[in-house]
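Novice:
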Amino acid sequence: MSSWRSFWPPSPPLTRRPRPISSIPIWKSRDMRYFIEHETVLEYPEAVREHHVELRLTPREDSYQRLLGITLETEPTAGLRGYRDYYGNQVTCFDIIQPHRRLVTRMRAEVENTLANPFDFQPLSPGDEQERLREALRTTPSLYDYILSRSPATPNLGRLDQGFAFPCHEPGRPVLESVQQAMEWITTVLRYKAGVTTVHSTLTQALTAGAGVCQDFAHLLIAIVRSWKIPARYVMGYLASREEEAEESPPATHAWTEVFIPGRGWTGFDATQQILANDLFIPVAVGRDYLDAAPQRGSFKGDAAGDNPVIRLSISQQ
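Going by the UniProt record's numbering, the first residue of the sequence shown is number 1, and it counts up by one from there.
1) Rounded to whole angstroms, what's the CA-CA distance from Thr204 to Leu42? Just pull it up for me.
2) If Pro59 sits next to Val91, beta carbons under 8 Å apart, how far is it from one beta carbon to the other, in whole angstroms?
3) For Ser316, which of Gln274, Gln162, Pro76, Pro250 has the nearest alpha-carbon?
4) Looking at the strands, I want to know which residues DSSP matches up with Ile96.
5) Between which two residues does the beta strand (DSSP E) carrying Glu243 extend?
6) For a test of the three-state rule: what should DSSP assign to Ala294, helix, strand or coil?
7) Mind checking Arg312: buried by the 16 CB within 10 Å criterion, or exposed?
8) Measuring alpha carbon to alpha carbon, tell me which residue in Phe164, Gly287, His219, Pro126 is nearest Leu176.
9) Considering Ile230, what are the terminal residues of the alpha helix (DSSP H) in which it resides?
10) Contact check, Val48 vs Gly302 under 8 Å by CB: the rounded distance?
11) Report the rounded CA-to-CA distance for Gly298 versus Glu61, giving the unit in angstroms.
12) Rank Ser178, Thr257, Asp216, Cys168 by C-alpha distance to the C-alpha of Val189 and give the top, closest one.
13) What are the start and end residues of the alpha helix (DSSP H) that includes Glu75?
14) For the alpha helix (DSSP H) that contains Val179, what are its first and last residues?
15) Using the three-state DSSP reduction, which class does Phe164 fall into: helix, strand or coil?
16) Who pairs with Gln317 in a beta bridge, going by DSSP?
17) Just verifying my parser: in three-state terms, what is the DSSP assignment at Tyr144?
18) Decide if Asn308 is buried, meaning its Cβ has at least 16 other Cβ atoms within 10 Å, or exposed.
19) For Thr77 versus Val104, is the C-beta distance shorter than 8 Å?
20) Of all the options Ser314, Val310, Ala294, which has the alpha carbon lying nearest to the alpha carbon of Leu57?
21) Counting only the same chain and skipping the five closest in sequence on each side, list residues whose C-beta sits under 7 Å from that of Leu137.
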């Protein structure tokens, strides 16, 4: 039997109470440097073989984040090879041909993040935003992938028979303001609850249940923004903690949304916590939805029963 599986670390319950956008503190601090250790353990009831694995665990580099170093290793030991996918993610691949009942992948990385204040940019007028967006779409056609793409996770909202009055973007309103209002609206139709949805759940299923995890909040915001013909993409990464909050709010794997704000570029929005991404957010992979950014997926021959991953994660400030 051949199986193809995608794995996502289980979403922990939220320990931070979402705060109104207006109450978010503006952090004025040194650049944040993090050391990340991420281990995934998969165990199988019977030996599997011909195991082909893809990892998207290398933190991204952008205007606000630098990758200072990274190591990847596996048990059983395998030769690693890599490539950069269509969305700019670093993908690491390996094969384990011999039979095995246990697979361990470990990633250790050091990153520096400088995004202390997500509001530190000069906003454009709504008219200038529209002009800049048209120009960006003309010069970078790949942005259309983040507008036109539809999937069960990010469907065409106009075709959903759910009876929801999804938020609209008025031409005379700044994009940032519309996205903030959309995040606030999402809390009226979804509540955070682990175990209600899985990585394979559709947006319709999450809306019907009225609950979900960070992945579902991110997918809903993506679908809303794309309905405005504005690019939006899915982000998989880590959420670190301030030193004084680490015990109450430990580091976690996380998912959020990036929206293309004309004049600023890709800007992170966490609909789960109702905040803009700052220097606590460590982006790892992006894509149209979860499937493009899954941290680990693979295929093998054997029995897939019992292959739920055990995740160990630590993030320390340097």
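Yeah, the Cβ is synthetic: ideal placement off N, Cα and C, and Gly gets one too. Source: prediction; values computed, not measured.
Specialist: In short, the structure shows the following:
1) Here residue 204 corresponds to residue number 204 of the sequence shown, with the count starting at 1. Here residue 42 corresponds to residue number 42 of the sequence shown, with the count starting at 1. In a straight line, the C-alpha of Thr204 is about 30 Å away from that of Leu42.
2) Counting from 1 along the sequence shown, the entry for residue 59 is found at position 59. Counting from 1 along the sequence shown, the entry for residue 91 is found at position 91. Not really, about 13 Å apart at Cβ, beyond 8 Å.
3) Along the sequence shown, read from residue 1 onward, the residue named residue 316 stands at position 316. Per the Cα distances, Pro250.
4) As a first step, residue 96 must be located in the sequence shown, where it is residue number 96. His51, per the DSSP bridge assignment.
5) Within the sequence shown, the letter at position 243 stands for residue 243. Looking at the DSSP string, Glu243 is not in any beta strand (DSSP E), and its letter there is neither H nor E.
6) On the sequence shown, position 294 is the one that residue 294 refers to. Note: Ala294 maps to coil in three-state DSSP.
7) Translated into positions along the sequence shown, residue 312 becomes position 312. Arg312 comes out exposed.
8) Counting from 1 along the sequence shown, the entry for residue 176 is found at position 176. Looking at Phe164, Gly287, His219, Pro126, the one whose alpha-carbon comes closest to that of Leu176 is Pro126.
9) Start at 1 with the first residue of the sequence shown, and residue 230 comes out as number 230. Here Ile230 belongs to no alpha helix (DSSP H), and DSSP marks it neither H nor E.
10) Looking up residue 48 in the sequence shown gives position 48. Looking up residue 302 in the sequence shown gives position 302. A Cβ-Cβ separation of about 3 Å places Val48 in contact with Gly302 under the 8 Å criterion.
11) Within the sequence shown, numbered from 1, the residue matching residue 298 stands at position 298. Within the sequence shown, numbered from 1, the residue matching residue 61 stands at position 61. Distance between the alpha carbons of Gly298 and Glu61: 25 Å.
12) Here residue 189 is taken as the residue at index 189 of the sequence shown, counted from 1. Residue Asp216 is the option with its Cα nearest to Val189.
13) Numbered from its first residue, the sequence shown carries residue 75 at position 75. Segment 65-75 is the beta strand (DSSP E) holding Glu75; no alpha helix (DSSP H) there.
14) Residue mapping note: residue 179 aligns to position 179 of the sequence shown, counting from 1. Here the alpha helix (DSSP H) through Val179 covers 175-186.
15) Here the question's residue 164 lines up with position 164 in the sequence shown. DSSP places Phe164 outside both helix and strand once states are collapsed to three, so it counts as coil.
16) Within the sequence shown, residue 317 is the residue found at index 317, counting from 1. According to DSSP, which records beta bridges pairwise, Gln317 is partnered with Tyr34.
17) To locate residue 144, count along the sequence shown from 1; it is residue 144. In the structure shown, Tyr144 sits in a helix (DSSP, three-state: H, G or I).
18) To locate residue 308, count along the sequence shown from 1; it is residue 308. Exposed.
19) Along the sequence shown, one-based indexing puts residue 77 at 77. Along the sequence shown, one-based indexing puts residue 104 at 104. No, Cβ-Cβ distance for Thr77 and Val104 is not below 8 Å.
20) Looking up residue 57 in the sequence shown gives position 57. Comparing Cα positions, the closest option is Ala294.
21) Against the sequence shown, residue 137 aligns to sequence position 137. The residues are Leu143, Tyr144.
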